[in-house]
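Visitor: Just so you know, we're using the working numbering here: the sequence shown kicks off at 10 and counts up by one. Cβ atoms here follow ideal geometry from the backbone N, Cα and C, with glycine treated the same way. Source: prediction; values computed, not measured.
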Amino acid sequence: MTVFTERNCDRRCDDVPFHRLSHRAYSNHDGRRPSTGRRTGSRPGDRFVELRTGERLFVREVRRAGATPEVNSAVLLIHGARVPGVASFDLPVAGGSLAADLAADGHLVYVLDLRGYGASSRPAAMNSPPDKSAPLMRTEDVVADISAAVDAIAEWSDVSRVSLLGWATGGHWAGAYASRFPQTVDRLILYNTLYGGSDQHPTLGTGSPLENPDRPGTFNVHAFGGYRLNTRPSLFTAWDDSIPVADKAQWRDPAVAAAYGDAALASDETALTRQPPSFRSPSGAMADSFELAFDRRQWSAAELTMPVLVIRSGRDFWSRPEDAKTIVDEAPKAERLDIPEATHFVHLDRETAGRGVFLDAVKRFLDRLEE
10 MTVFTERNCD RRCDDVPFHR LSHRAYSNHD GRRPSTGRRT GSRPGDRFVE LRTGERLFVR
70 EVRRAGATPE VNSAVLLIHG ARVPGVASFD LPVAGGSLAA DLAADGHLVY VLDLRGYGAS
130 SRPAAMNSPP DKSAPLMRTE DVVADISAAV DAIAEWSDVS RVSLLGWATG GHWAGAYASR
190 FPQTVDRLIL YNTLYGGSDQ HPTLGTGSPL ENPDRPGTFN VHAFGGYRLN TRPSLFTAWD
250 DSIPVADKAQ WRDPAVAAAY GDAALASDET ALTRQPPSFR SPSGAMADSF ELAFDRRQWS
310 AAELTMPVLV IRSGRDFWSR PEDAKTIVDE APKAERLDIP EATHFVHLDR ETAGRGVFLD
370 AVKRFLDRLE E
């Protein structure tokens with residue numbers, strides 16, 4: 010076990026839930042989950058960041074075998090509202106690992122499970138029925154997790170700044186963190202991310218299942234509780250609906266879809282105790298997304314002083330064109346890429362369905378020298 014020097018708070022620890030709290034980071038080889046079908050040429054390493062609260066964060070490191078990463082090439086991938094990090098970004102099949110693709114380009118890549126997800130600690134309330142708690146893991150809690158992960162990655166990789174890529178709600182969380190601690194972020198990629206610019210949203214706002222029918226404009230806490238249960242079929246409903254061809258295999262490799270479902274269910278050790286099998290995900294992401302759907306912003310893009318790339322898929326059901334436009338209008342160094350026919354899941358679709366365009370853009374952005 011390698012223990013790194015604990016970092017002290019850069020302001021009073023009592024003022025912040027977990028931000029900048031002392032923690033230690035180590036490699037936990039005894040607790041590593043075996044991975045099958047790993048792509049040739051990339052090497053994973055599973056680590057944990059210990060929080061002062063006694064909780065811990067799971068972080069997977071993916072690097073090109075035998076490669077020495079260049080300075081400032083550490084990249085942290087942040088998952089969204091439901092599916093944790095490994096299932097989102099490091100599937101053991103061809104075309105299923107954004108982490109391996111970026112590692113092959115010479116980057117040192119880290120995949121995070123936030124608290125409540127995957128192999129990270131889960132709030133105790135997630136062991137009780139969901140209606141016994143309020144939505145878990147709100148933006149402030151996630152910012153604390155990202156802060157601890159960035160501190161650990163800076164020590165592991167010996168860099169002063171880390172690049173962040175956030176998918177969907179992960180982009181919202183990455184933006185919130187980067188707006189508060191810009192000095193720690195090298196580059197920021199926000200991918201199909203809610204932010205603001207409109208108070209209308211067809212599936213998350215007024216009249217949606219997220220809204221309390223008895224109190225319009227407020228989140229439906231009763232329906233969501235502290236966490237949600239997600240079945241395998243629920244992962245593909247919106248994805249299938251957004252693919253514009255009848256034969257989904259033309260757009261999305263069946264092997265990737267199967268691995269995605271397998272990994273999502275495998276991320277929760279309690280999944281098979283329920284029928285049908287389901288994995289838990291905190292509801293805080295949905296509560297925060299409901300607020301964003303009404304243009305109730307939780308951070309300011311004007312505070313993003315690093316280079317920012319905003320990517321939006323034309324067939325995305327989560328983010329709106331206004332979200333991307335508003336971020337680019339407000340952030341000092343932001344640029345935008347629209348992939349017209351792509352889905353919300355473009356990094357898991359086939360190369361010809363937008364994945365190739367997405368991956369090329371991300372690599373160019375990360376590799377570009379800052380002017």
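Tell me Phe-67's beta-bridge partners as DSSP assigns them.
Guide: Note: Phe-67 sits in a beta bridge opposite Phe-57 and Asp-122.
Visitor: What three-state label does DSSP hand Phe-326 in the structure shown?
Guide: The answer is coil: DSSP assigns Phe-326 none of H, G, I, E or B.
Visitor: Per DSSP, what are the beta-bridge partners of Pro-291 in this structure?
Guide: Its beta-bridge partners are Tyr-236.
Visitor: What does DSSP give as the partner residue(s) for Val-171 in the beta ladder?
Guide: DSSP output for Val-171 lists Val-194 as bridge partner(s).
Visitor: Rank Gly-363, Thr-335, Arg-345 and Ser-130 by C-alpha distance to the C-alpha of Arg-61 and give the top, closest one.
Guide: When only C-alpha atoms are compared, the closest one is Ser-130.
Visitor: For the region 74-152, which segments carrying the beta strand (DSSP E) assignment without a break, of at least 3 residues, lie completely within its bounds, in sequence order?
Guide: If we require 3 residues or more, the beta strand (DSSP E) runs fully inside the region 74-152 come out as 83-87 and 117-122.
Visitor: For a test of the three-state rule: what should DSSP assign to Phe-354, helix, strand or coil?
Guide: If DSSP states are grouped into helix, strand and coil, Phe-354 belongs with coil.
Visitor: Sorted by chain position, which residues of the same chain lie with C-beta nearer than 7 Å to Thr-361's C-beta, five sequence neighbours on each side aside?
Guide: Once the five neighbours on either side are set aside, Thr-361 has no close Cβ partner at all.
Visitor: Under 8 Å by Cβ, that's how I've got Asn-201 and His-353 pegged, so tell me the actual separation to the nearest angstrom.
Guide: Going by Cβ atoms, the distance from Asn-201 to His-353 rounds to 5 Å, so yes, they are a contact pair.
Visitor: For Phe-374 versus Arg-261, is the C-beta spacing smaller than 8 Å?
Guide: No, the Cβ-Cβ distance between Phe-374 and Arg-261 is not below 8 Å.
Visitor: Use the C-beta contact count for His-231: other C-beta atoms within 10 angstroms, 16 or more gives buried, fewer gives exposed.
Guide: Classification of His-231: exposed, given that the 10 Å Cβ count is below 16.
Visitor: Are the region 142-153 and the region 295-306 in contact at 8 Å, needing three or more beta carbon pairs?
Guide: Cβ pair count under 8 Å is three or more, so yes.
Visitor: Can you tell which of Asp-256, Leu-85, Val-371 and Val-84 has the C-alpha that lies nearest to the C-alpha of Ile-320?
Guide: When each option's Cα is compared against that of Ile-320, the closest is Val-371.
Visitor: Relative to the C-alpha of Ala-90, which candidate in Val-168, Arg-237 and Gly-105 has its C-alpha closest?
Guide: The shortest Cα separation from Ala-90 among Val-168, Arg-237 and Gly-105 belongs to Arg-237.
Visitor: Does any CB atom of chain B fall closer than 8 Å to the CB of Pro-132?
Guide: Note that chain B does not occur in the displayed structure, where there is just one protein chain.
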